[in-house]
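Novice: Take a look at this one; I'll ask things after.
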Amino acid sequence: METCTWQDNPKDKDMDQWHPTAAGHYERKASLTERWMAHNCSLGQQASRNGSSRGGRHHWTLSLVLKLGMTIQETQNQNQTQCPSPGLFEEQLVPQLRRAWQDLRRQHPSMASTLNTTRYVWEYHPTTDKGEEEKWLRMTFVVVPFQIEAATLATQLVAPPRPTLHVLPRSQELLLQSPHSSVDGAGLIIMAHLLLSTVTSPRDPGAPFGSYPSVDNSLNLKESESECCNLAPPFRTMVQAGPFTDMQSQAANAELKRYLDAFPGMTLPTKIPKPKTRDGTVRPGKTKRKCHVFDECETSAIADACRRKGLTVTHAVHASIACAMARLKSNPAAPNVYTGALSFDGRRIYGTATAEEDDRDWQLPASLCTTAWLPSIHVSDFDCTADQFKRAYAWHTNNNTNTNGNSTDNFHTHTRPEKRDQYNIVELMIKNILPQVSSTTGATSVSMASANLSSLGVVERTLQRKYGHLEVLEYAQLCEVLTASVCMYLHTWRDQMVLSTMYNEAYYDAEFVDLLVETVLDILRQGLGLGVNADA
């Protein structure tokens, strides 16, 4: 597996933004967060296919699954939403989806860029290149002609280098996949929303898809230059983080020392994975998924109980996960310290929170806007642990107003200095820890055996139930797991909260994961005063 070169070259400072190259394409240097995510995505893949990292599975490949229904006019005054036949789906929807996918690329061309993991540079080829758009369409818009469920197909595909849409007419599903190094979970939801909005938006029948440029071309730019003006900048540019300062560097060093002094903290008991490759590294098994759906009544009860305690649902669920790890940890003598990661959607922290607010600048569907925090939380009873998670999350999210007391609508002109410090401290922590992990091989150590939570919130804040004649009947988000980590996703869809748990069968038996999830649910219900026998 290729290793990373993390040292910064002073001559590359002007390469952080998109710029044309002599070869005619566009490039920009990957940000620290993107390099960190690319490193994480490489974990486990060396042993995924005969010891080769090429053409196989990648850790944290994201998949979004949608099952679609179509409104059919039954009588003159009555419509009914139902799953269209495979023939109708293929005849009517597939061409519309293809044109909408093409239009989405022209509006957000970053979705067609790829990360060169040798140079750690993003590369983009404009559609003005001969055959580039058709080549991209062939690679990223795939119609699946046979019968298979999208969730099953997601586990069988080679990891895509860029966002890719699979259309499944026989199961009336869409499968949107992306490496986590280029897009995050919230970005996939925004991408799906924009795709379905484009499919069902009214337009002049004579106007082709892709004919609505968002860039003011009053400067008479060349076509390729106008297109590339839409390339999303690095997220730190959107945040207006500014250059690193000595004060930020000192704070980052102190925070990283605090985390490393507590690491690895509690770990889950893993089984000894078999078989191994010749060099002794682990060959990951299949990614498995366990999904728990709370009914509407319990979803509402959990939300109400959290409000009474001054918590968010994310605080309560993450605290329950940490308390469950303390009960089930592999080493009973180890201190009860949680050192998993906290992840955040930077769009909600630093910019516009929802797509409904129609702020194009902050929709960023094809960008990595994730920011993270490395906590060291001492786990005791539920209330104390939840309070610590509340304070850890608040370090990122409690500055959602600016200096004049207004909301983040004025973010671009009233960004608080504390926020810029906050973002730069996280990036400096990543910069300092990268050299220590860049030599990590595909082998997975027990120190990675932690349960982590990604909270997507209420999905319908972005992804609507209905788009014209289309209805989203089912939604699911999946994640490839090739290490001993356990990835949990929390979201609410159609008024029901869902906790999805992804794990690799090489490290955990299904019985243990069942026990882990049941323990989390018991602690959550007891901690919120809902009892352990609530129906779900």
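All residue numbers for the sequence shown refer to numbering that gives the first Met the number 0, where the first residue is 0 and numbers rise by one. Glycine is no exception: its CB is placed at the ideal position from the N, C-alpha and C atoms. No experiment lies behind these values; they were computed from the predicted model shown.
(1) In the structure shown, what three-state DSSP assignment does Ile376 receive?
(2) Comparing alpha-carbon positions, which option in Arg464, Ala251, Tyr506 lies nearest Gly68?
(3) Entirely within the stretch 57-125 and at least 4 residues each: give me those alpha helix (DSSP H) ranges in chain order.
(4) Whole angstroms is fine: what's the gap from Phe410's alpha carbon to Arg118's?
(5) Tell me which same chain residues have a C-beta within less than 6 angstroms of the C-beta of Thr371, skipping the five on either side of it?
(6) Rounded to the nearest angstrom, what separates Asp240 and Lys418 at their Cα positions?
(7) Please state whether DSSP places Lys328 in a helix, a strand or coil.
(8) Is it true that the CB of Leu167 sits closer than 8 angstroms to the CB of Val143?
(9) Can you tell me which of Ala475, Tyr488, Pro108 puts its alpha carbon nearest to the alpha carbon of Asn229?
(10) Out of Ile271, His165, Pro364, point me to the one whose CA is closest to His551's CA.
(11) DSSP three-state call for Glu517: helix, strand or coil?
(12) Alpha carbon to alpha carbon, how far is Ile301 from Gln421? Give it in angstroms, no decimals.
(13) Which residue from Ser177, Leu259, Val281, Val519 puts its Cα closest to that of Ala325?
(14) Classify Gln421 as helix, strand or coil using the three-state DSSP reduction.
(15) Go ahead and pull the three-state DSSP assignment for Asp183.
(16) In its own chain, which residues sit with a C-beta less than 8 angstroms from the C-beta of Leu218, not counting the 5 before and 5 after it?
(17) Starting from the C-beta of Cys82, find all residues in its chain whose C-beta is less than 7 angstroms away, skip the five residues before and the five after it, and write them out in chain order.
(18) Could you tell me the boundaries of the beta strand (DSSP E) in which Gln146 lies?
(19) Out of Leu114, Lys66, Gly130, Leu136, which one is the CA nearest neighbour of Leu174?
(20) Since Phe234 and Ser366 are thought to touch, with beta carbons under 8 angstroms apart, how far apart are those beta carbons, to the nearest angstrom?
(21) So, with DSSP's three-state summary, where would you put Met190?
(22) Return the chain-ordered list of same chain residues with a C-beta closer than 7 angstroms to the C-beta of Tyr537, the five sequence neighbours on each side being excluded.
(23) So, are the CB atoms of Ser180 and Ala22 less than 8 angstroms apart?
(24) For Tyr258, which three-state DSSP category applies?
(25) Expressed to the nearest angstrom, what Euclidean distance is found between the alpha-carbon atoms of Val516 and Thr461?
(26) Rounded to whole angstroms, how far is the Cβ of Tyr242 from the Cβ of Gln16, which I believe are closer than 8 angstroms?
(27) For Gly130 versus Ser453, is the C-beta distance shorter than 8 angstroms?
(28) Give the range of the alpha helix (DSSP H) segment to which Lys389 is assigned.
(29) With which residues is Gly456 paired in a DSSP beta bridge?
(30) Tell me, please, which residues DSSP counts as bridged to Glu26.
(31) Does DSSP put Cys290 in a helix, a strand or coil?
(32) Could you round the C-beta distance between Ser196 and Tyr466 to whole angstroms and report it? I think they count as a contact, below 8 angstroms.
(33) For my contact list, Glu226 and Thr126 are in at a C-beta cut-off of 8 angstroms; report their separation, rounded to the angstrom.
(34) Just reading off the beta strand (DSSP E) that His165 is part of, what are its end residues?
(35) Do His18 and the ligand SAM come close, with the Cβ less than 7 angstroms from some heavy atom?
(36) Output the distance between the C-alpha atoms of Val93 and Leu469, rounded to the nearest integer angstrom.
Specialist: Taking the geometry as given:
(1) strand
(2) Arg464
(3) 93-106
(4) Residue confidence for Phe410 is low, a pLDDT of 25 falling below 50, so the modelled location carries little weight and cannot support an answer.
(5) Note that residue 371 corresponds to Ala in the displayed sequence, not to Thr. Excluding sequence neighbours, Ala371 sits near Ala340, Ser342.
(6) Here the sequence assigns Ala to residue 240, which means Asp is not the residue at that position. Looking at the two C-alpha atoms, the distance is approximately 8 angstroms.
(7) Of the three classes helix, strand and coil, the one that applies to Lys328 here is coil, per DSSP.
(8) yes
(9) Comparing Cα positions, the closest option is Pro108.
(10) The structure shown does not extend to residue 551, since the chain spans only 0 to 535, so no value can be given for it.
(11) helix
(12) Approximately 31 angstroms, taken between the alpha carbons.
(13) Val519
(14) DSSP places Gln421 in helix when its eight states are reduced to three.
(15) coil
(16) The pLDDT assigned to Leu218 is 37, lower than 50, so where the model puts this residue is not dependable; a value taken from the coordinates is nonetheless given after this. So no residue of the chain qualifies.
(17) Excluding residues within five positions, the ones whose Cβ falls inside 7 angstroms are Gly68, Gln171.
(18) Neither: Gln146 is in no beta strand (DSSP E) and is coded neither H nor E.
(19) Among Leu114, Lys66, Gly130, Leu136, the Cα nearest to that of Leu174 belongs to Lys66.
(20) Their Cβ separation, rounded to whole angstroms, is 6 angstroms, which keeps Phe234 and Ser366 in contact under 8 angstroms.
(21) Met190 falls in the helix class under three-state DSSP.
(22) Given that the chain is displayed from residue 0 to residue 535, the structure contains no residue 537 and the question cannot be resolved.
(23) no
(24) helix
(25) Going from the Cα of Val516 to the Cα of Thr461 covers about 28 angstroms.
(26) First, the residue type needs correcting, since residue 242 is Pro and not Tyr in the sequence shown. Not really, about 14 angstroms apart at Cβ, beyond 8 angstroms.
(27) no
(28) Its alpha helix (DSSP H) spans residues 381-396.
(29) DSSP output for Gly456 lists His490 as bridge partner(s).
(30) His18, Glu122
(31) strand
(32) The beta carbons of Ser196 and Tyr466 sit about 6 angstroms from each other, so the pair counts as a contact at 8 angstroms.
(33) 6 angstroms
(34) Here the beta strand (DSSP E) through His165 covers 163-167.
(35) Because no ligand of any kind appears in the structure shown, any question about the ligand SAM cannot be addressed here.
(36) 13 angstroms
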